[in-house]
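Engineer:
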Amino acid sequence: MIPLVLVLYFVIVATISVWASRRTRTARDFFVAGDGIGIWTLAIAAMTATLTGFAFIGGPGLFYSLGLGAVFIVLPASLTNSMAAWVLAKRMRLLAELRGVITVPDAIGARYRSPTAQGLAAVAILIAIIGYMGTNLLALGIVVDAVFGTGFGWGVWLGTATVLAYSVSGGILAGVYTDLFQGSIKALASVLVFAYVLRLEGGVGGLSRVILAHDPAFLTPWGKLTPLAALSFFFVFGLGALGQPHVISKFYMLRNPLHLKWYPALTTGALMLTLLLYFGIGLAVKAEVAAGSLAPLLRADDATPQFLLHYTPVLLAGVVFAGVAAAIMGTVNAFMNVGAAAVVHDIPIALGVRVSNELYWGRVATVVLTAIAAVVARYSGSLVAFLGIFGWGLFASTLVPALAIGLNWPGATRAGAIASILTGLAVTLTFETAAYFKLYSFPAGVTVSGLSLVLSLLVFFAVSVLTRRQAADVDPDITLAMEV
Amino acid sequence: MAARRGLAPVIAGTLAVGLAYGSAFLPGGAPRWAPWSMVAGIALLCTGVMALGAARPGRRLGRMVWALVFTFIVLVVCFGLALVLPATEGRGSRLVLGLPLRAALVIYGIGWLPALVLPAVYARTFTQLTLDQADLDRIRAARRARAAP
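Residue numbers (this note's numbering), protein chains in the order written: chain A, 19 to 502; chain B, 69 to 217.
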């Protein structure tokens, strides 16, 4: 039954991609869906790009191990879409209206009149997405292997081929409409799974009582973490959400900017429903293991599969596995698109070159980047996990100051933007590498991502103030987009 | 310069988070006030960033101010109570909506309350504060002017 559901799911994705490929005629169609999507599609696609397979597999597993502290990764979801709407959505959509920008580095280049800042932002994005895509393709390989028994290696190649097929043919147009389908499945599956959670031990209260009797620390506000470590998660994943290019670049795609009015409500609603699975399975599996109804897990990541196999009908388990595949594929597609745009659009602009046929070369770049990520996923061993770890932090520290703050603060300068991007790159790469090789580690509660974000923000403010004479060097139409 | 309205809290919040991280490097680890510094930093950053994005020259923030005050209070009060209330979690703990009190403050207070309030405030103030047809017309006129030879 589970393989059948997944095959059906892949057939629907293939149908959407054939439809989208017939409508992809220009680079603008390929990279920003021709500015032609509606608010529902934008909201669900943004949610799908935000939630990787981590929200379905790794997250509940982390909750099972760390208790409530693990929830601090997704806790800011109640705020982040509203924050992004106020600080980024309108400005980015208006920049698309004014300048026809199609990438996040494009916006940085236009804001500061700086191809250098645009190029550096593109390099940061490229470094981050290879690792991010690698970890997601690895997870996809595990899912394909678990469902079809292909073996891990073939699982990676089959999963990669599927997501590559629809991404190359239909670009982001195929991506966002596939996301609409995938996101709806994810939200529905999460709600249904949560309904099954509520049937156990008399609901959330009963589950809590079982846990409190065996492991009270699990349900303290910070779980097994220190308060500083849990709050650090909130800071990095809350503020860092404003710098995730695969999510925020979707603002360019909205057909009618006035419909942004409903963006926070729709995206936050979809996100909260989908995260019910994260919270519900983490809590339920811990309680059932404590009560002796379920054997202790050998690996924390088994929390979701074990819950599905023991407590839900097989059809729902199939839908959730399809939802996991959907989550991973939606994120990979968004990364492919952002990475290909960095290669064929942003970096050439920084070098003073214009690629003549961005649609064709965008497709080529998508294939090449995906192949590199798949090889990394398949053959690099523990390196892929290392590369995946710093993706979020690298996006946050290099893009939040220059973009999220810079589009709203007239005092920001080109030098400040460049210095902050360089700081984010240098701090993240240096300390993550040092941690990987066990040369140095931060004290408890301090993460490289958090520290890097703080330092890049401080550098951004300090250098902008020191070079404040540059602040007036902004094109009049950009000033208008910043003031409206 | 009106858009600088949220800048002071953003800078103060960044410094507070930096202070919390910096204190963890002290001999003996993070002091007791470090989580408080982090809470203050998070609350200032979240409200400051929203104010920075919403501020427009010549316009008041209006009802949006209440959303900022609400966000700041929810973050400080819920995280603050989770820090100061005694750890009474255990067999026989009193539950609030199925969770021990401190966990409920975090999950329902911070995880759900802003999700119910902020999108509603955004939608309600959108035309007055964020974007209307006249703004869009100005932008499109600027695009035409830029495209003209």
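Just so you know, even glycine gets a beta-carbon here, dropped at the ideal spot from N, CA and C.
Quick one: list the residues of chain B neighbouring residue 379/A, beta-carbon separation under 8 Å, in chain order.
Structural biologist: By Cβ distance, chain B contributes nothing, its closest Cβ being about 26 Å from residue 379/A, past 8 Å.
Engineer: Mapping DSSP to helix, strand and coil, what is residue 502/A?
Structural biologist: Correct three-state label for residue 502/A: coil.
Engineer: To test your reading of the DSSP string, which unbroken alpha helix (DSSP H) runs of 4 or more residues are found completely within the region 183-265 of chain A?
Structural biologist: The region 183-265 of chain A contains these whole alpha helix (DSSP H) runs: 222-232, 245-257.
Engineer: Would you call residue 497/A buried or exposed, if buried means 16 or more other Cβ atoms sit within 10 Å of its Cβ?
Structural biologist: Classification of residue 497/A: exposed, given that the 10 Å Cβ count is below 16.
Engineer: Would you mind listing the alpha helix (DSSP H) stretches within the region 342-383 of chain A that are 4+ residues and don't spill past its ends, in chain order?
Structural biologist: Within the region 342-383 of chain A, the complete alpha helix (DSSP H) runs of at least 4 residues are 365-368.
Engineer: With 8 Å as the threshold, decide whether the Cβ of residue 180/B is near any Cβ in chain A.
Structural biologist: Yes, because at least one Cβ of chain A sits closer than 8 Å to the Cβ of residue 180/B.
Engineer: Terminal residues of the continuous alpha helix (DSSP H) containing residue 151/A?
Structural biologist: Taken as a continuous stretch (DSSP letters only), the alpha helix (DSSP H) holding residue 151/A covers 133-166.
Engineer: I'd like to know if the region 297-316 of chain A and the region 98-115 of chain A are in contact, where contact means that at least 3 CB-CB pairs between them fall below 8 Å.
Structural biologist: With a cut-off of 8 Å, the region 98-115 of chain A and the region 297-316 of chain A do not count as touching, because too few Cβ pairs lie within range.
Engineer: How far does the alpha helix (DSSP H) with residue 277/A in it reach, from first residue to last?
Structural biologist: Per DSSP, residue 277/A belongs to no alpha helix (DSSP H) and is neither H nor E.
Engineer: Count the CB pairs spanning the region 44-59 of chain A and the region 164-178 of chain A that are closer than 8 Å, and state whether there are at least three.
Structural biologist: The answer is no - the region 164-178 of chain A does not touch the region 44-59 of chain A, with fewer than three Cβ pairs under 8 Å.
Engineer: Taking C-beta pairs closer than 7 Å, name the residues in chain A that residue 194/B reaches, listed in chain order.
Structural biologist: Within 7 Å Cβ-Cβ: 279.
Engineer: Against chain A, with Cβ distances strictly below 8 Å, would residue 155/B count as a contact?
Structural biologist: At least one chain A Cβ lies under 8 Å of residue 155/B.
Engineer: Are there 16 or more other CB atoms within 10 angstroms of the CB of residue 190/B, so buried, or fewer, so exposed?
Structural biologist: Buried, because 16 or more other Cβ atoms sit within 10 Å of the Cβ of residue 190/B.
Engineer: Quick one: grab the DSSP three-state call for residue 124/B.
Structural biologist: Three-state DSSP puts residue 124/B in a strand.
Engineer: Can a CB atom of chain A be found closer than 8 Å to the CB of residue 141/B?
Structural biologist: Judged by the 8 Å Cβ criterion, residue 141/B is not in contact with chain A.
Engineer: What do you reckon, are the CB atoms on residue 140/A and residue 439/A nearer than 8 Å?
Structural biologist: It is not a contact, given that the beta carbons lie outside the stated cut-off.
Engineer: Quick one, which of 167/A, 365/A, 100/A, 70/A has its alpha-carbon nearest residue 91/A's?
Structural biologist: Checking every option, the nearest Cα to that of residue 91/A belongs to 70/A.
Engineer: The alpha helix (DSSP H) that contains residue 431/A, what's its start and end?
Structural biologist: Looking at the DSSP string, residue 431/A is not in any alpha helix (DSSP H), and its letter there is neither H nor E.
Engineer: Go through its chain and collect everything with a Cβ distance to residue 140/B's Cβ below 7 Å, but skip five positions before and after it.
Structural biologist: Result list for residue 140/B: 111, 115, in chain order.
Engineer: For a test of the three-state rule: what should DSSP assign to residue 168/B, helix, strand or coil?
Structural biologist: Strand.
Engineer: Closer than 7 Å by C-beta to residue 21/A: which residues in its own chain qualify, once you throw out the five before and the five after it? Chain order, please.
Structural biologist: These residues qualify, in order along the chain: 165, 166.
Engineer: Measuring only between beta-carbons, confirm whether residue 479/A sits less than 8 Å from chain B.
Structural biologist: Closer than 8 Å: yes.
Engineer: Roughly how many angstroms lie between the CA atoms of residue 126/A and residue 224/A, to the nearest whole one?
Structural biologist: C-alpha separation (whole angstroms): 51 Å.
Engineer: Give a yes or no on whether the C-beta atoms belonging to residue 381/A and residue 54/A are separated by under 8 Å.
Structural biologist: Not a contact, by the Cβ cut-off of 8 Å.
Engineer: Hey, does residue 237/A have any beta-carbon neighbour from chain B nearer than 8 Å?
Structural biologist: Chain B, which has a Cβ nearer than 8 Å to the Cβ of residue 237/A, makes this yes.
Engineer: Would you please verify whether the beta carbon of residue 176/B is less than 8 Å from any beta carbon of chain A?
Structural biologist: No, no contact with chain A.
Engineer: Could you tell me which residues DSSP pairs with residue 163/B in its beta bridges?
Structural biologist: Looking at the DSSP assignment, residue 163/B forms a beta bridge with 168/B.
Engineer: Any idea if residue 461/A is buried or exposed, counting beta-carbon neighbours within 10 angstroms, 16 or more meaning buried?
Structural biologist: Exposed.
Engineer: Kindly say whether residue 491/A, judged by its beta-carbon, lies nearer than 8 Å to any beta-carbon of chain B.
Structural biologist: Judged by the 8 Å Cβ criterion, residue 491/A is not in contact with chain B.
Engineer: Can you find at least 3 beta carbon pairs, one from the region 307-326 of chain A and one from the region 209-216 of chain B, that sit closer than 8 Å?
Structural biologist: Cβ pair count under 8 Å is below three, so no.
Engineer: Check whether chain B comes within 8 Å of residue 242/A, counting only Cβ atoms and requiring the distance to be less than that.
Structural biologist: No, no contact with chain B.
Engineer: Would a C-beta distance cut-off of 8 Å place residue 346/A and residue 99/A closer than the cut-off?
Structural biologist: It is not a contact, given that the beta carbons lie outside the stated cut-off.
Engineer: Where DSSP assigns a beta bridge to residue 55/A, which residues make up the other side?
Structural biologist: DSSP output for residue 55/A lists 272/A as bridge partner(s).
Engineer: Residue range of the alpha helix (DSSP H) that residue 86/B falls in?
Structural biologist: Where residue 86/B is concerned, the enclosing alpha helix (DSSP H) stretches over 75-91.
Engineer: Any chance the CB of residue 477/A is under 7 Å from a heavy atom of the ligand ZN?
Structural biologist: What this structure holds is no ligand at all, so the ligand ZN is not there to describe.
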